[in-house]
Amino acid sequence: MYPEPQLFLLGLSWRTAPVDVRGRFAIAKADLPARLAELKALEDVEEAWLLTTCNRTEALVAARPSEALYQRMQELLFPGSADEHIFSYQGVHAVIHVFRVAAGLDSLVLGESEILSQVRGAMQLCREHGGYDRNLDPLLQQALSVGKKVRTKTAIGKGSLSIARVGVELAARAFAGFERHQALILGAGDTARLVATHLRARNVAGMVFANRTLENAQAAAKEFDCEATDLSRLSECVKRADFVIACVDGAAGILNKSTVLQSDLRRRDQPLMLIDLSVPRAVDPALLNDDSLIVYDLDDVQRMVEKNRAQRATAMREVDDLLVGEVHKFVSLRTFANFAPAVEELRERFGSAREQILREIAGSDAPPNMVELSELLTRRLMDISLNQMKKSARHASPEAILDQKYREFLGNL
Amino acid sequence: MSSVVQALTVFLPVTYLIAAGLSAMGWGGERAPRVQGLARSALALVVAMHIALFLARGSAAGGFPRLDLWASISAVALGGTILHALVTIRMGERGTEGFVLGLICLMQFLSSAFGPLELEARDAPTTVYLIHVFTALLATSAVMISGIHGVLYLVLLRQMRRRQFGLLYRQLPDLEHLTQLSRRAALAGFLLLSGGVNFGIWKAHALGIEGFSYTDPAMILVLGVWIHFGAVAFSGKIMGFNAKRAAAAAAAGFVVLVLAFLISLLPHGAFHLSS
């Protein structure tokens, strides 16, 4: 066996560190090449990869085993940090962790897909700056493919867990796309802006921010390049809108029979959608029985979010099984790759020893059929033993053992 | 030939059932690309089998067959499958395919179970007669598609108003798509009926069919359906005739048409009193 570098991973994430600690150790994109070079310059480290997002900062290295390695990495990346904020993994557990991160299982919002593009971005950056090569590349490439696979083959990424996004998705059930539809957003706070972001992503035809304080509505409208108004023109805005998303505080019942006029409702082809994300409710209960309206409030949105969360939790079991298979594939290929040169060397040595013995037999008075038989027998024995070694190498870590290691990993989370 | 007819008669409803199941899995809710491929293939297969059944029955009858009630239902089912596929593929929204194929499966099952295997041949039909029959059957298929989408619109609207997030809420396309599908199918039905009625009247006058009358109940019914689905098709332009009312009108119109179809075909075996 050749001495091969092993995998070590050190980091902190939302699981182990509060937001201020995460912020303190986050690495700016511009600083990443320098930090990567420092990491690679550490003793025993051969290759390195750094991932930094708002929820995690972690370093994966291929290095020769060394007791002080983690300490050196911690001093470099997280100087002065408390031990309880840091996690570390080695070998198979590092592989499991990287796959879980790419799959979105280690994300704050379970199954979110943003992490996959962050992993891809970190790979590109680290490779461009000579961070890693043949040791880490197969692992990271497989992590990307695992991330894609879990999202296409399981329901882990299906259904949103964000209130604003679910509100927009509920409105979308009435329309064949927002491209020809006008939205009215009541409020100009964080949720209202988040709603506007999701609507813009879905190419809404137009948006109007309506708010008690006109200046705030104008500030939000400037950000999204749309209209703004105060609440004095609410009735007119409702008339023009195809759907209304209310995210306004302290405006109970602002959408009532005087602002949502019956005469306007009768002119509509589709019912007017009122998505009320406000506390207290912005929609007057007197409107709930109107046939020309579809009203959802925060409870409905929350119910939808919970449903999506449950769907993702169910999908998690499926993802775990898929990940065990992927870890097995990675470990088998890596073990096989490590064994292959040794097996080839053995084959050469066996071959030369065999030829020498055969020459000795041929030089003796042995009959020709005995020489032929000896040739055949030695070749067969050599092939059987070497092939068995290769086979054993390929299945060095049976799936059952890896499954146990995976459970151990989950138990330690 | 009779064994081919027998085999196709038995396997056609089963194939429709499989196609409906695959479409529901492939195009509704969680879309699975692999199942979508199978659903497309199943739809093509079922249309080919259905056309083959009519050709085989015509061949067994030794000429253009006289369409009884059950054969008419089967023809409407085939027309419905083809029209729905054309409209939904063009619109890029196939979320209702499973529901439509489910109903068509039921229609074909009834036709296969209760209809005779062999059909009588009729006198060699004129071109005008063929156009009249084909447009009338296709128009019925179109109003059926319009009616189904009207019902699905009302179901989804009810779920949304009741704030239920059940299976149908997740499976069905949005309200606007359902409205468009219902109106476009109603427009197709309106145009086809326009052709069917005019060719029928022309045929009656040209051949001097005895007993032809504008007061024939079937004639009155067809004209009523023509006006009704014309209104549904253009409901978007009519003040106060909103999507919900159009959906209810499409559903009700289809139910009335089915009842009229059954009432006129069951006792007489023909749609017109003068036939």
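Chains as they are written, first to last, in numbering that gives the first Met the number 0: chain Z, 0 to 412; chain A, 0 to 274. Yeah, the Cβ is synthetic: ideal placement off N, Cα and C, and Gly gets one too. Computed from a predicted structure; not experimentally measured.
Proximity winner among the options, relative to residue i (alpha-carbon distances)
| i | options | result |
| --- | --- | --- |
| residue 278 of chain Z | Z:110, Z:301, Z:362, Z:149 | Z:301 |
| residue 275 of chain A | A:38, A:39, A:36, A:49 | As displayed, chain A neither begins before 0 nor continues past 274, which places residue 275 of chain A out of reach and without an answer. |
| residue 243 of chain Z | Z:261, Z:219, Z:191 | Z:191 |
| residue 147 of chain Z | Z:158, Z:172, Z:103, Z:181 | Z:103 |
| residue 147 of chain A | A:95, A:125, A:159 | A:95 |
| residue 135 of chain A | A:71, A:173, A:252 | A:71 |
| residue 61 of chain A | A:237, A:119, A:238 | A:119 |
| residue 50 of chain Z | Z:280, Z:24, Z:82 | Z:24 |
| residue 258 of chain Z | Z:89, Z:249, Z:230, Z:108 | Z:230 |
| residue 248 of chain Z | Z:179, Z:265, Z:186, Z:296 | Z:186 |
| residue 209 of chain Z | Z:157, Z:232, Z:384 | Z:232 |
| residue 7 of chain Z | Z:16, Z:38, Z:61 | Z:61 |
| residue 326 of chain Z | Z:389, Z:292, Z:365, Z:399 | Z:399 |
| residue 115 of chain A | A:160, A:106, A:74, A:68 | A:68 |
Collapsed DSSP secondary structure at residue i in the structure displayed
| i | result |
| --- | --- |
| residue 325 of chain Z | helix |
| residue 15 of chain A | helix |
| residue 235 of chain Z | helix |
| residue 123 of chain A | coil |
| residue 247 of chain Z | coil |
| residue 152 of chain A | helix |
| residue 210 of chain Z | strand |
| residue 25 of chain Z | coil |
| residue 87 of chain A | helix |
| residue 81 of chain A | helix |
| residue 184 of chain Z | strand |
| residue 282 of chain Z | strand |
| residue 366 of chain Z | coil |
| residue 64 of chain A | strand |
| residue 17 of chain Z | coil |
| residue 223 of chain Z | helix |
Contacts around residue i, its chain only, beta-carbon distance under 7 Å, and the 5 residues preceding and following it disregarded
| i | result |
| --- | --- |
| residue 59 of chain A | 0, 1, 4, 117 |
| residue 317 of chain Z | 153 |
| residue 232 of chain A | 182, 185, 186, 189 |
| residue 261 of chain A | none |
| residue 154 of chain A | 167 |
| residue 255 of chain Z | 283, 285, 286 |
| residue 274 of chain A | With a pLDDT of 48 at residue 274 of chain A, under the threshold of 50, the modelled position of that residue is not reliable, and no figure is offered here. |
| residue 101 of chain A | 19 |
Chain Z within 9 Å of residue i, Cβ atoms only
| i | result |
| --- | --- |
| residue 170 of chain A | no |
| residue 143 of chain A | no |
| residue 13 of chain A | no |
| residue 176 of chain A | yes |
| residue 35 of chain A | no |
| residue 242 of chain A | yes |
| residue 5 of chain A | no |
| residue 160 of chain A | yes |
| residue 17 of chain A | no |
Beta carbon proximity, residue i to chain A, threshold 9 Å
| i | result |
| --- | --- |
| residue 315 of chain Z | no |
| residue 242 of chain Z | no |
| residue 387 of chain Z | no |
| residue 238 of chain Z | no |
| residue 293 of chain Z | yes |
| residue 355 of chain Z | no |
| residue 303 of chain Z | yes |
Extent of the continuous beta strand (DSSP E) run through residue i
| i | result |
| --- | --- |
| residue 50 of chain Z | 44-51 |
| residue 56 of chain Z | 55-62 |
| residue 272 of chain Z | 271-275 |
| residue 8 of chain Z | 5-12 |
| residue 86 of chain Z | 86-89 |
| residue 293 of chain Z | 292-296 |
| residue 229 of chain Z | 226-229 |
Cβ-based neighbour list, residue i, same chain, cut-off 6 Å, excluding 5 preceding and 5 following
| i | result |
| --- | --- |
| residue 322 of chain Z | 98 |
| residue 92 of chain A | 172, 176 |
| residue 155 of chain Z | 110, 149, 311, 314, 318 |
| residue 56 of chain A | 4, 64, 118 |
| residue 15 of chain Z | 84, 86 |
Own chain partners of residue i with C-beta closer than 8 Å, once the 5 adjacent residues on each side are dropped
| i | result |
| --- | --- |
| residue 115 of chain Z | 101, 103, 143, 146, 147, 150 |
| residue 202 of chain A | 125, 127, 128, 131, 208 |
| residue 91 of chain Z | 326, 330, 396, 401, 404 |
| residue 63 of chain Z | 2, 4, 5, 43, 45 |
First through last residue of the alpha helix (DSSP H) which encompasses residue i
| i | result |
| --- | --- |
| residue 100 of chain A | 96-113 |
| residue 204 of chain Z | Taken as a continuous stretch (DSSP letters only), residue 204 of chain Z belongs to no alpha helix (DSSP H), as it is neither H nor E. |
| residue 118 of chain Z | 113-127 |
| residue 181 of chain A | 174-206 |
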